[in-house]
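So the structure is just underneath, and the comments pick up after that.
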Amino acid sequence: MRQERRSFCRETPEQRREDLISATLEVISAGGAKAASVRNIAAQANVTMGLIRHYFCSKEDLINAAYEVYLTRIIDLAMSPDQLIELPARVRLRKLIEANFTEPVLLPQSMTLWVAFIEMTGQIPEMARIYARIYTEARSRLERLIGEVLSEAGREPAPEECLTMAIACNAVINGLWIEAVRMPPAPEENMYAPVGLVAISSIVGVDLCAPDGQ
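Residue 105 in the UniProt record's numbering sits at position 105 of the sequence shown, with consecutive numbering throughout.
Structure below.
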């Protein structure tokens, strides 16, 4: 029996776009950059290719939208502890590091998406601009948090010092994250967060592993 096409008649245009973006991410996650054709995305969303072209000017336009959603979602999940303003800054930074090495930030399929988007960035110039903008925003959030951590410790660092630390901390987190998604550990064997805490404690000069209140 032929599968029924998904009905979009009761959805708003915004929801339709979100559904198509979700289908795009699912296709790329399963098959990489080469799988990201309009035909495959339409099949995943169970819609016609014409409907995709109605909401996106081109395949590149859809890929760009999916990339922006993916990056924003991952960074928001990874940095959500930064929003827990009732906690000390040192605790928020520790939780931020730990969040990068637990689900939903750390998932096996994340590597396929990451590699595919890196490949596409060389082919779609707008993707590089999207990455630069979102990465800069995320680094600024980390920079501010580090400044708060140092202030709590009685230090008043220069802005360029916080920037340098944020770049170094981000490099540690990204490197360990790539290692973790390539070699996903069992929950009880996950040493990536502890390693990250030790490394970043050294960078900022504050013991993030110490119990709260110390």
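The beta-carbon is built from N, C-alpha and C at its ideal position, and this holds for glycine as well.
- In the assembly as shown, asparagine 174 is an exposed residue. Its beta-carbon has fewer than 16 other beta-carbons within 10 Å.
- A distance below 9 Å separates the beta carbons of tyrosine 70 and leucine 25.
- One alpha carbon belongs to arginine 92, the other to valine 198, and they sit about 15 Å apart.
- In the structure shown, proline 13 falls within a helical segment according to DSSP collapsed to helix, strand and coil.
- At the C-beta level, alanine 116 and alanine 36 come within 9 Å of one another.
- Comparing alpha-carbon positions, the option among Asp82, Asn170, Glu11 lying closest to valine 149 turns out to be Asp82.
- A Cβ-Cβ separation of about 7 Å places asparagine 64 in contact with isoleucine 124 under the 8 Å criterion.
- By the criterion of a C-beta distance shorter than 8 Å, isoleucine 130 is surrounded in its chain by Asn64, Tyr67, Glu68, Leu71, once the five residues flanking it on both sides are discounted.
- Counting along the chain, no alpha helix (DSSP H) covers alanine 153, and no H or E run does either.
- Burial check for methionine 49: the Cβ neighbour count within 10 Å stays below 16, so the residue is exposed.
- Remark: fewer than three beta-carbon pairs, one from each stretch, lie closer than 8 Å, so the region 151 to 161 and the region 95 to 106 are not flagged as touching.
- The beta-carbon separation of valine 27 and glutamine 15, rounded to 19 Å, does not stay under the 8 Å limit for a contact.
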